[in-house]
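Novice: Dropping the structure in here first, questions after.
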Amino acid sequence: AAFGLTRVRVAEKDELDVNDPESIATIRERGMTLADIMAYSAPRDMVAREWTNGFHLTRRCADLLHSYGHGREAIVRAFLDILASEPDTFIAKKHGAETAERTMRCAGEVVRGGRDLHAFDDECIRDGINPGSIADITIAGIYVALGEGWRWDC
């Protein structure tokens with residue numbers, strides 16, 4: 002499967018792991034649907050959680066985009082607002098929960114004007130911190146907002 006070709010990591014303690022061919026067999030044996038897999042993953046994965054809670058953060062992102070206007074700055078602001086309020090599970094899987102929490106707090110400092118955005122971005126790049134789950138949710142929010150008439154004037 003495609004997951005085996007990527008470097009996507011899941012928590013070591015997971016019984017089912019998208020990188021493990023035996024897990025694929027187990028999923029088939031159990032007759033698990035996509036919804037079942039997302040529910041199984043939701044406690045540890047915020048993208049999976051979106052599937053189980055009605056895409057709450059995706060909706061929030063789309064609403065933020067509408068409220069912030071059009072273009073790149075609105076996208077950055079919406080991304081930072083969500084990052085400042087939710088620890089990114091991709092960061093947690095790769096670097097641990099403490100790093101995800103610290104990144105969330107730093108994003109909050111940027112949102113409140115107490116930290117420079119570019120310095121924060123440089124720190125994340127330097128340390129290999131990638132808020133990939135929130136990036137995925139932001140893309141979904143952009144898609145929803147575009148469908149509702151929001152304009153991408155980038």
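The opening residue of the sequence shown carries number 2 in the numbering used here; numbering runs sequentially from there.
C-beta atoms are modelled at their ideal positions from N, C-alpha and C, and glycine is treated no differently.
Note that this is a predicted model, so its numbers are computed, not measured.
(1) Would you identify the three-state DSSP class for Trp151, choosing helix, strand or coil?
(2) Hey, is the region 107-126 in contact with the region 20-28, meaning 3+ C-beta pairs nearer than 8 Å?
(3) Indicate whether the contact test is met: 3 or more Cβ pairs, each with one atom in the region 48-63 and one in the region 97-106, closer than 8 Å.
(4) Since I believe Met105 is in contact with Glu87 (beta carbons under 8 Å), could you give me their beta-carbon distance rounded to a whole number of angstroms?
(5) Between the Cα of Gly150 and the Cα atoms of Arg78, Asp82, Ala63, Ala79, which residue gives the shortest distance?
(6) Given a cut-off of 9 Å on the beta-carbon distance, is the pair Gly133 and Leu65 in contact?
(7) Going straight from the alpha carbon of Pro44 to that of Ala79, what length do you get?
Specialist: Taking the structure as given:
(1) Indexing the sequence shown from 1 puts residue 151 at position 150. The answer is coil: DSSP assigns Trp151 none of H, G, I, E or B.
(2) no
(3) no
(4) Start at 1 with the first residue of the sequence shown, and residue 87 comes out as number 86. Start at 1 with the first residue of the sequence shown, and residue 105 comes out as number 104. Confirmed, about 7 Å.
(5) Numbered from its first residue, the sequence shown carries residue 150 at position 149. Of the candidates Arg78, Asp82, Ala63, Ala79, the one whose C-alpha sits nearest the C-alpha of Gly150 is Ala63.
(6) Here residue 133 refers to the residue found at position 132 when the sequence shown is read from its first residue. Here residue 65 refers to the residue found at position 64 when the sequence shown is read from its first residue. No, the Cβ-Cβ distance between Gly133 and Leu65 is not below 9 Å.
(7) Reading the sequence shown from its first residue, position 43 is the one you call residue 44. Reading the sequence shown from its first residue, position 78 is the one you call residue 79. Spanning the two alpha carbons is a distance of roughly 24 Å.
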